[in-house]
Structure formats: structure tokens, C-alpha cells
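Student: Take this structure first; my questions come after.
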Amino acid sequence: MSTIIMDLCSYTRLGLSGYLVSRGVKKREINDIETVDELAIACGAHQPSVVFINEDCFIHTPSDSQQIKQIINQHPDTLFIVFMAIANVHF
544 MSTIIMDLCS YTRLGLSGYL VSRGVKKREI NDIETVDELA IACGAHQPSV VFINEDCFIH
604 TPSDSQQIKQ IINQHPDTLF IVFMAIANVH F
């Protein structure tokens, strides 16, 4: 199961990667990225089953937010999980 983790925090990436490995995901199937452009390339190359995204990676730049929406729409067979960075802004 190919998985992508998009998070600027190395601790979050490490913790999530460790959890996935403990659940049977092979370490070589987990890809860490930091930018929206890297996400577009990785989704095209790996056709991931799951993508974990920290909202903080794109929320501050409207063009990045738009590109994330396009990437999600282009990959309907991929499960995208977006972690909210600033909950009080949304509710």
C-alpha cells in the first residue's frame, strides 16, 4: 500500500511512519514530501492508496490550496486525509 505523508514536522512524519510500519505497511512504500508540487509529482508517480496532509502545508497560500483541490480531484481512488492545523479558524 503506497502512502504519502505531507507534513513539515519531522516528529509527525516519524510518528505516522512508525505507526504505519507497525500496521504492516512496508517502509519503502511510505514517501515523505513537503510541498504541493512534490505531492503532484508523487501522486502521479506512485498512485498512492492513502495520502496524509497537514493543512499547514498549503493553507497560507491560495494557489497551493487550489492545487491541492485539483490533485484530490485527479486521484479519485486515493484516500486523502487532511489534518486540520488551525481548528478555531474553521469552526
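Each residue of the sequence shown is one higher than the one before, starting from 544 at the first, in the working numbering.
Every residue, glycine too, gets a C-beta built ideally from N, C-alpha and C.
1) Would you kindly work out how many angstroms separate the C-alpha atoms of Leu-557 and Gly-587, rounded to a whole number?
2) Can the beta-carbon of Cys-600 be found closer than 9 Å to that of Leu-559?
3) Which residues does DSSP list as the beta-bridge partners of Met-549?
4) Would the beta-carbon of Val-564 fall within 9 Å of that of Met-544?
5) Taking Cβ to Cβ, would you say Ile-615 is nearer than 9 Å to Phe-623?
Tutor: By the coordinates alone:
1) Taking the first residue of the sequence shown as 1, we reach residue 557 at position 14. Taking the first residue of the sequence shown as 1, we reach residue 587 at position 44. Going by C-alpha positions, Leu-557 is about 24 Å away from Gly-587.
2) The residue labelled residue 600 in the question sits at position 57 within the sequence shown. The residue labelled residue 559 in the question sits at position 16 within the sequence shown. In this structure, Leu-559 does not lie closer than 9 Å to Cys-600 by Cβ.
3) Residue numbering aside, residue 549 sits at position 6 when the sequence shown is read from its first letter. Looking at the DSSP assignment, Met-549 forms a beta bridge with Ile-576, Ile-596.
4) Numbered from its first residue, the sequence shown carries residue 564 at position 21. Numbered from its first residue, the sequence shown carries residue 544 at position 1. With contacts defined by Cβ atoms closer than 9 Å, Val-564 and Met-544 do not form a contacting pair.
5) If you number the sequence shown from 1, residue 615 lands on position 72. If you number the sequence shown from 1, residue 623 lands on position 80. In contact: Ile-615 and Phe-623 (Cβ atoms closer than 9 Å).
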